[in-house]
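Numbering (the numbering used here), first residue to last: 686 to 840.
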C-alpha cells in the first residue's frame with residue numbers, strides 16, 4: 686500500500702503512506718507533518734460544521750476525504766456538505782429557503798469557490814422569488830402587473 690491511494694466504497698476516502706523507519710515518530714519533521722495534518726483536519730471539520738449548522742434542514746451530512754498520517758491516524762483534508770438549492774412551490778417559501786441557503790454557503794470564515802457558487806445560485810433564485818412576490822402583490826393591490834400597465838393606468 687505504499688503511496689497508493691485507497692478508495693473505499695463508502696463516502697470516506699483516504700490515502701495512506703508508510704514510513705520506512707518506525708523510529709521516525711520522534712523526528713521533528715514527522716511531528717511537524719502531524720501538526721500540519723491536525724490543523725488541516727480541524728479547519729476542514731470546522732468549515733463543514735459551519736455549513737451544517739447554518740443550513741438546517743437544507744444541509745445534508747458532511748463527507749470527508751482522509752489522509753493517513755505518519756502516526757497511523759486519519760486526518761480530514763477535504764470535505765463537503767450537500768445543500769438543497771431547489772425552488773419551493775411558493776415564492777415566499779423559496780425566498781425563505783434561499784436566504785437560509787445563502788447563509789449556509791457563506792457560513793464558514795473562508796468560503797471556498799464552490800461555496801461562493803452555491804451562494805450566487807441561491808441569490809439568483811432569491812431575486813426571482815422576490816420578483817414573483819412583488820408581481821403578485823401588485824396584481825392583488827392594483828389589478829395590474831408591470832411598468833407598461835402602470836403607465837397605461839396613469840395616463
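We put the beta carbon where it would ideally sit given N, CA and C, even for glycine. Keep in mind that this is a model prediction, so the values were computed, not measured.
_Can you give me the C-alpha to C-alpha distance between residue 824 and residue 764, rounded to a whole angstrom?_
By one-based count along the chain shown, residue 824 stands at place 139. By one-based count along the chain shown, residue 764 stands at place 79. Taking the straight line joining both Cα atoms gives about 46 Å.
- Decide if residue 722 is buried, meaning its Cβ has at least 16 other Cβ atoms within 10 Å, or exposed. The count along the chain shown starts at 1 and reaches residue 722 at position 37. Buried.
ask   = residue 695 by DSSP, collapsed to three states: which one?
value = Sequence index remark: in the chain shown, residue 695 carries index 10 (1-based). Summary for residue 695: the model assigns pLDDT 44, below 50, so the residue's position carries little reliability; its value from the coordinates is reported in the next sentence. Of the three classes helix, strand and coil, the one that applies to residue 695 here is coil, per DSSP.
- [ ] Drop a sphere of 10 angstroms on the beta-carbon of residue 769, count the other beta-carbons inside from all chains shown, and report buried for 16 or more, exposed for fewer.
- [x] Within the chain shown, the letter at position 84 stands for residue 769. Classification of residue 769: exposed, given that the 10 Å Cβ count is below 16.
**Asked** In the structure shown, what three-state DSSP assignment does residue 770 receive?
**Response** Your numbering for residue 770 matches position 85 in the chain shown. Looking at residue 770 - three-state DSSP - the assignment turns out to be coil, as it is neither helix nor strand.
Tell me the rounded alpha-carbon separation between residue 761 and residue 826. Here residue 761 refers to the residue found at position 76 of the chain shown. Here residue 826 refers to the residue found at position 141 of the chain shown. One C-alpha to the other measures close to 55 Å.
Using the Cα positions of residue 715 and residue 729, report the straight-line distance between them to the nearest angstrom.
-> By one-based count along the chain shown, residue 715 stands at place 30. By one-based count along the chain shown, residue 729 stands at place 44. Residue 715 and residue 729 have their alpha carbons spaced roughly 21 Å apart.
Residue 761, enclosing alpha helix (DSSP H) - first and last residue = In the chain shown, residue 761 corresponds to position 76, counting from 1. No alpha helix (DSSP H) holds residue 761; the beta strand (DSSP E) holding it covers 759-765.
Review point. When you compare each of 811, 748, 737 to residue 775 by their alpha carbons, which one comes out closest?
Key: Residue mapping note: residue 775 aligns to position 90 of the chain shown, counting from 1. When each option's Cα is compared against that of residue 775, the closest is 811.
Hey, out of 799, 766, 804, whose CA is closest to residue 782's CA? Here residue 782 refers to the residue found at position 97 when the chain shown is read from its first residue. Of 799, 766, 804, the residue nearest in Cα terms is 804.
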